[in-house]
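A short worksheet on the structure shown next.
Numbering (our numbering), first residue to last: 10 to 82.
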């Protein structure tokens, strides 16, 4: 199920194809996110991280992530 919020935001269950965007977001913000999210220090691989998350009993498909991609002018 996909819930469209607006033209740029949608809510949906995480899929393996999301792993690259999730990893790149975490990797580019390690210092900032690591202050509050203990899993950041252990996030080393994009595919294995999402696959491992989905295999745990605590996996919640309601979790969503919005990534911002900035480009320099």
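Using N, Cα and C, we set each Cβ at its ideal position, and we do this for glycine too.
What separation, rounded to the nearest whole angstrom, lies between the Cα atoms of residue i and residue j?
i, j, result
"residue 13", "residue 46", "27 Å"
"residue 17", "residue 29", "19 Å"
"residue 50", "residue 23", "21 Å"
"residue 10", "residue 31", "20 Å"
Do the CB positions of residue i and residue j come within less than 8 Å of each other?
i, j, result
"residue 35", "residue 25", "no"
Any Cβ of chain D within less than 8 Å of the Cβ of residue i?
i, result
"residue 11", "Looking at the structure shown, chain D is missing, and only one protein chain is on hand."
When DSSP builds the beta bridges, which residues end up paired with residue i?
i, result
"residue 13", "19"
Classify residue i as helix, strand or coil using the three-state DSSP reduction.
i, result
"residue 33", "helix"
"residue 46", "coil"
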